[in-house]
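Note that UniProt numbering numbers the sequence shown so that position 56 is 56, with each residue one more than the last.
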Amino acid sequence: METITWDDFARVELRVGRIVAAEVFAQARKPAYLLQVDFGPELGIKKSSAQITHHYTPEGLIGKQVVAVVNFPKKQIGPVMSECLVTGFPDENGHVVLCVPDQNVPLGAKLY
Numbered sequence: 001m002e003t004i005t006w007d008d009f010a011r012v013e014l015r016v017g018r019i020v021a022a023e024v025f026a027q028a029r030k031p032a033y034l035l036q037v038d039f040g041p042e043l044g045i046k047k048s049s050a051q052i053t054h055h056y057t058p059e060g061l062i063g064k065q066v067v068a069v070v071n072f073p074k075k076q077i078g079p080v081m082s083e084c085l086v087t088g089f090p091d092e093n094g095h096v097v098l099c100v101p102d103q104n105v106p107l108g109a110k111l112y
C-alpha cells in the first residue's frame, strides 16, 4: 500500500449528502441507479450513477445520508453527467454497501 501525506488526504472533498431522488438507470451497462444528492446550500444537489442495486431499492434510498467525493471532475456516464462519487464498500460477494454516517450530520459536512 502506498502512503500519502495529510495534504494529499485534505485535497479529497468527502462530504455528507442526503439522497433526494433515486431511479433505475435503464441505459447503464451494469445495473445502477441515478441519484440526486443534496449537499446543502454551499454545494447544492449533485447527480451520481451508483451500482448499488443489490442491497438497495430507489424508494429505500430516499432520505439516506451518504458520503461522497464532490471534487472529482464531472464524468459522462451514458446520457448522464455524474457530478460526485458516492462511496461504499464491497460485501463478501462484491456488492456495494454504502458508506454512511451512523448519525445524522449537517449536509455538506466534510469527513476528517
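Quick reminder that beta carbons are idealized off the backbone N, C-alpha and C, glycines included.
As the crow flies, the alpha-carbon of residue 32 is around 15 Å from that of residue 76. Assigned with DSSP and collapsed to three states, residue 31 falls in coil, not helix or strand. Taken in chain order, the complete alpha helix (DSSP H) segments of 4 residues or longer contained in the UniProt domain "TRNA-binding" (8-112) are 58-61.
Within its own chain, no residue has a Cβ closer than 8 Å to the Cβ of residue 4 once the five positions on either side in sequence are excluded. As the crow flies, the alpha-carbon of residue 18 is around 32 Å from that of residue 2.
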